[in-house]
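**Student:**
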Amino acid sequence: MFDPYLIRKDFPMFSNKTKMQKHDLVFFDNASTTFKPQCVIDVMNFYNEHETSNSGRGDYDTMYQVDQAVLETRRSVAKFINADVNEIVFTSGATASINLAAFGYFEQHLTKNDEILITVAEHASNVLPWFKLQEKIGCKVKYIELTSEGKLTLENVKKSITNKTKLIAIANVTNVLGYYTDMAPICALAHKNSILVVCDGAQSVPHMKIDVKALDVDFLAFSGHKMLGPTGIGVLYGKKALLDETEPMILGGGMNESFEMDGSYVLHPTPAKLEAGTLNLQGIFGLNAAIKYIEKIGLDNISKYESELRKYAIERMKEVKDVVIYNENAEAGIISFNVKGVFAQDLATLLNSKGIAVRSGNHCAKILKNQIKEIATVRASFYFYNTKEEVDAFIEALKEGGNFLDAYFA
Amino acid sequence: MPILLNPQMMRQVIMDHYENPQFKKTPGNPENFEKIHMHSSNCIDDINVYGLVENGVVKEAYWDGVACTISTSSTDIMCGLMIGKTWEEAKYIIDQYHHMIHEEPYDDSVLDEAIVFMNTSKQAARIKCATIGWDAMDEIICKHHHEK
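Same order as they appear, the protein sequences are chains R and B. Here the first sequence is numbered in the working numbering, starting from 303 and rising by one per residue. Here the second sequence is numbered in the working numbering, starting from -7 and rising by one per residue.
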């Protein structure tokens, strides 16, 4: 049975009773990063304490074991999103993954006559690489219009496609408004028009079952640290044929078969050719442990619980005078809001003074301000280890929103 | 003159400068001013600070842009404090302010209303907000002093 109170016992950040401003820490910034369960920490420590060696050669026992463990993680990531094992590239995170797709694949395949479709709700990581491509090759970045709520609809995607569109790059779940976009019909429509789809899965993969084959996305990017894993490890999924045509952005050891004095060289096959240099081995092992932990809890349970918690939080936030919620009907456990008359940062500071961690600002989606007409919002984002009691503490703190300067004079 | 040590009054000073900033405007003759643009990556603050320094004295000081309560208020108070001060006086005040923010011994006699930010270190994430305008003015007066 799903029990968040039992789950919390697995996380040192809870069992160590971490305090912030003398209060028990309430961590509502899970869209930014997540806590690590002990099993993730243990597997990383074990590598450093008992199994340290490099990967890629297998000349001796510990190195062979490390190679096997890397392969096991690749298999486990592949199974997690229903990909094939050679379609999984380890990167430093979702940002690096999108950049690899942009500059490794699309820079070689787009021309100045082509158009890329994104939305204003995208994270910087799914905007700036495309701006850079626009600068470099002269293709055009265009925006699919969102509904007044900030949602992406298939209808609007259809309206935005022209005969120049070659790529649609969109988030599966947006990081400020938390709206879920069903990628399957968009991919079907795109492919019918010979358009490829890059999916930013940073906010979806940790929270819901993603099946790349069923969705038929061409590339999918996500990060380990937003799904209980360590920082510095992420994944680029790409269809094998596309990864085969992806140029490495970094060259060096671990990705070549041979090179000669005349300048000729042969690279390893996909995915190794895209993973130059020593891999983030402890990160890879941590990611594997995180995936196993999430699978044990069950993504269906996680989605269901987060949705309940969100509903509870929204209901309770409505009790608080002057709270404005920007995404009441979103699917993900992300709530963007303000308290009338209180600047977002000041509200975040007040919440900090009560031990509650939230983000304020524009959350890396700096062009979204044009949509929601606010320069900054406060974002509370949940994961399955958060509880209704934590929501209650958050509500009590919010009720003091009008006295936000208390944080300075308590 | 150390005043305003009552939290209610300190709060009022911050809110007054936030709601009715006296020096928040773009000067009509910006070319005469030294202008520093400041942007904070952890807050929304994105401001320009303008200083007109003549013969080693700060004649005028303004700021414009987008800023939170703490940066609006602290920058506005800073502008008021700087006007009419010599380079040495202005630098001394800025240094005392930084000492206060970082919980080091400081001379409160020169800080006037800026003393309302004495508790900023309790909210470490906001130190940048309380100092962003001050850092810009520090750069302006130091630049002027070195060019002299």
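The C-beta atom is built at its ideal place from N, Cα and C for all residues, glycine as well.
What residues in its chain sit with their C-beta under 8 Å from that of residue 117 of chain B, if we drop five residues either side in the sequence?
**Tutor:** Answer for residue 117 of chain B: 34, listed in chain order.
**Student:** Find the nearest neighbour of residue 689 of chain R within the set R:502, R:547, R:405 and R:609, judged by alpha-carbon distance.
**Tutor:** For the residues R:502, R:547, R:405 and R:609, the minimum Cα distance to residue 689 of chain R belongs to R:609.
**Student:** Between the alpha carbons of residue 506 of chain R and residue 533 of chain R, how many angstroms are there, rounded?
**Tutor:** Straight-line Cα distance between these residues: approximately 17 Å.
**Student:** Sort R:630, R:456 and R:570 by Cα distance to residue 485 of chain R and report the nearest one.
**Tutor:** Among R:630, R:456 and R:570, the Cα nearest to that of residue 485 of chain R is on R:456.
**Student:** Note down the Cα distance separating residue 304 of chain R from residue 638 of chain R, rounded to an integer number of angstroms.
**Tutor:** Whole-angstrom Cα-Cα distance: 27 Å.
**Student:** Residue 476 of chain R and residue 523 of chain R: beta carbons closer than 8 Å?
**Tutor:** Contact flag unset, no.
**Student:** Checking contacts by CB at 8 Å: is residue 61 of chain B closer than that to chain R?
**Tutor:** Judged by the 8 Å Cβ criterion, residue 61 of chain B is in contact with chain R.
**Student:** With DSSP as the reference, label residue 392 of chain R as helix, strand or coil.
**Tutor:** Residue 392 of chain R: strand per DSSP, three-state reduction.
**Student:** Residue 78 of chain B CB to nearest chain R CB: under 8 Å?
**Tutor:** No - not a single Cβ of chain R is within 8 Å of the one on residue 78 of chain B.
**Student:** Just verifying my parser: in three-state terms, what is the DSSP assignment at residue 52 of chain B?
**Tutor:** Strand.
**Student:** Compare the C-alpha of residue 10 of chain B against each of R:648, R:497 and R:588 and name the closest.
**Tutor:** Measuring from the Cα of residue 10 of chain B, the nearest candidate turns out to be R:648.
**Student:** Could you say which of R:345, R:429 and R:435 lies nearest to residue 408 of chain R if we only look at CA atoms?
**Tutor:** Of the listed residues, the one whose Cα sits closest to residue 408 of chain R is R:435.
**Student:** Can you have a look at residue 352 of chain R and say buried or exposed, based on whether 16 or more other CB atoms are within 10 angstroms of its CB?
**Tutor:** Exposed, since its Cβ has fewer than 16 Cβ neighbours within 10 Å.
**Student:** Please say whether residue 471 of chain R and residue 425 of chain R have beta carbons closer to each other than 8 Å?
**Tutor:** No, Cβ-Cβ distance for residue 425 of chain R and residue 471 of chain R is not below 8 Å.
**Student:** Under 7 Å between beta-carbons, which chain B residues line up against residue 674 of chain R? List them in chain order, please.
**Tutor:** Per Cβ cutoff of 7 Å: no residues; residue 674 of chain R is ~14 Å from chain B at best.
**Student:** Can you check which of these residues, R:704, R:600 and R:585, is closest to residue 642 of chain R by C-alpha distance?
**Tutor:** That would be R:704, whose Cα lies nearest to the Cα of residue 642 of chain R.
**Student:** Chain R partners of residue 115 of chain B, CB-CB under 8 Å?
**Tutor:** Chain R residues near residue 115 of chain B: 651, 654, 655, 709 and 710.
**Student:** Assign residue 527 of chain R to buried or exposed, taking buried as 16 or more other Cβ atoms, counted over all protein chains shown, within 10 Å of its Cβ.
**Tutor:** So residue 527 of chain R counts as buried.
**Student:** Taking C-alpha atoms, which residue in R:358, R:309, R:335 and R:317 lies nearest to residue 575 of chain R?
**Tutor:** Looking at the Cα atoms, R:358 is the closest of the given residues.
**Student:** Could you give the DSSP three-state label for residue 124 of chain B: helix, strand or coil?
**Tutor:** In the structure shown, residue 124 of chain B sits in a helix (DSSP, three-state: H, G or I).
**Student:** Since residue 600 of chain R contacts residue 342 of chain R with CB under 8 Å, what's their CB separation in whole angstroms?
**Tutor:** The Cβ separation is near 17 Å, so there is no contact.
**Student:** Whole-angstrom Cβ separation of residue 536 of chain R and residue 334 of chain R, contact assumed at under 8 Å?
**Tutor:** The Cβ separation is near 14 Å, so there is no contact.
**Student:** Return the residue from the list R:495, R:480, R:479 and R:692 that minimises the CA-CA distance to residue 462 of chain R.
**Tutor:** Cα-wise, what sits closest to residue 462 of chain R is R:495.
**Student:** With distances taken from CA atoms, which of B:124, B:105, B:81 and B:13 is nearest residue 48 of chain B?
**Tutor:** The shortest Cα separation from residue 48 of chain B among B:124, B:105, B:81 and B:13 belongs to B:81.
**Student:** What is the DSSP secondary structure of residue 107 of chain B, counted as helix, strand or coil?
**Tutor:** DSSP places residue 107 of chain B in helix when its eight states are reduced to three.
**Student:** On a CA-only basis, which of R:349, R:466 and R:683 is nearest residue 616 of chain R? Give me that one, please.
**Tutor:** Residue R:683 is the option with its Cα nearest to residue 616 of chain R.
**Student:** Which two residues bound the contiguous alpha helix (DSSP H) that contains residue 70 of chain B?
**Tutor:** First-last of the alpha helix (DSSP H) with residue 70 of chain B: 61 to 74.
**Student:** Determine the chain R residues that contact residue 2 of chain B at a beta-carbon separation under 9 Å, and present them in chain order.
**Tutor:** The contacting residues are 707, 710 and 711.
**Student:** Take every Cβ of the region 410 to 419 of chain R, pair it with every Cβ of the region 561 to 570 of chain R, and state whether three or more of those distances are shorter than 8 Å.
**Tutor:** Segments in contact, no.
**Student:** Classify residue 349 of chain R: buried if its beta carbon has 16 or more other beta carbons within 10 angstroms, exposed otherwise.
**Tutor:** Burial call: buried.
**Student:** Do you know whose CA, among B:108, B:36 and B:93, lies nearest residue 59 of chain B's CA?
**Tutor:** Taking only the C-alpha atoms, the option nearest residue 59 of chain B is B:36.
**Student:** Does DSSP put residue 640 of chain R in a helix, a strand or coil?
**Tutor:** Looking at residue 640 of chain R - three-state DSSP - the assignment turns out to be strand.
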